[in-house]
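The opening position of the sequence shown corresponds to residue 559 in the numbering used here, with each subsequent residue numbered one higher.
Cβ atoms here follow ideal geometry from the backbone N, Cα and C, with glycine treated the same way.
Everything numeric in this text was worked out from a predicted model, so none of it was measured.
Inspection log for the structure reproduced underneath, given as C-alpha cells.
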Amino acid sequence: KFTKYQESINTSWPCVEQIGDVLRATVVCRGGDDVAHTGGLIVRTWKQLERTFDIREGHGRLKNRFMTAGKGNNPDHMPPDILMNAIMDLVGSMSMPVEIQIH
Numbered sequence: 559k560f561t562k563y564q565e566s567i568n569t570s571w572p573c574v575e576q577i578g579d580v581l582r583a584t585v586v587c588r589g590g591d592d593v594a595h596t597g598g599l600i601v602r603t604w605k606q607l608e609r610t611f612d613i614r615e616g617h618g619r620l621k622n623r624f625m626t627a628g629k630g631n632n633p634d635h636m637p638p639d640i641l642m643n644a645i646m647d648l649v650g651s652m653s654m655p656v657e658i659q660i661h
C-alpha cells in the first residue's frame, strides 16, 4: 500500500497520513465438521471483540460478509467473514484504528 500511495499522491516515506488502521488481526474459528459449533464460535468471538473494543455506532464498524459471500458473478468476491473496524483506546496513549477479521 505504501508504494501505491507514494505513486498516486506523490508523498514521501512513510506515507503515514494515508494509513487507515494501525493494527490488523485475523481470528480463525474452527469447529471441525460441525457447522453449528463453528457458527457459535464466530458469534462468541464477535461478542467478545464488541465488548473489548466497545464497538458501537460512532465508535467502530461491522461488515458481515457471511450473507453475501460467493453470490453473484463477481470474480473478485470476498470470502465469508466478519470485518470490524474499531478504535483501540489505551490509557495513556492516543486512540488507534484497528481492523479485525473473523473467519
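Within the continuous alpha helix (DSSP H) that includes residue i, where are the two ends?
i, result
"I600", "593-610"
Could you give the residue range of the beta strand (DSSP E) that holds residue i?
i, result
"M625", "Careful: M625 lies outside any beta strand (DSSP E) and carries neither H nor E."
"R588", "Element bounds for R588: n/a, residue is neither H nor E."
"V656", "654-660"
For residue i, I'd like the list of residues in its chain whose CB is within less than 6 angstroms of its CB, leaving aside the five on either flank, ordered along the chain.
i, result
"A583", "I658"
"V546", "What is shown of the chain runs 559 to 661, which leaves residue 546 out entirely."
"G589", "H595, T596, L599"
"F624", "P638"
"D591", "none"
Check whether the Cβ of residue i lies closer than 8 angstroms to any Cβ atom in chain B.
i, result
"H661", "Judged by its chain identifiers, the structure shown contains no chain B, having just a single protein chain."
For residue i, count neighbouring C-beta atoms within 10 Å of its own C-beta (all shown protein chains included) and say buried if the count is 16 or more, exposed if not.
i, result
"L581", "exposed"
"L607", "buried"
If you drop the 5 nearest sequence neighbours on each side, which residues of the same chain put their C-beta closer than 8 angstroms to that of residue i?
i, result
"I645", "F611, D612, H617, G618, S653, M654, P655, V656"
DSSP state of residue i, grouped into three classes?
i, result
"L648", "coil"
"I613", "coil"
Give every residue of the same chain whose Cβ lies closer than 7 angstroms to the Cβ of residue i, excluding the five residues on either side of it in the sequence, and list them in chain order.
i, result
"W604", "I640, I660"
"R614", "none"
Quick one: any contact between the region 639-656 and the region 617-626, if contact means 3 or more CB pairs under 8 angstroms?
yes
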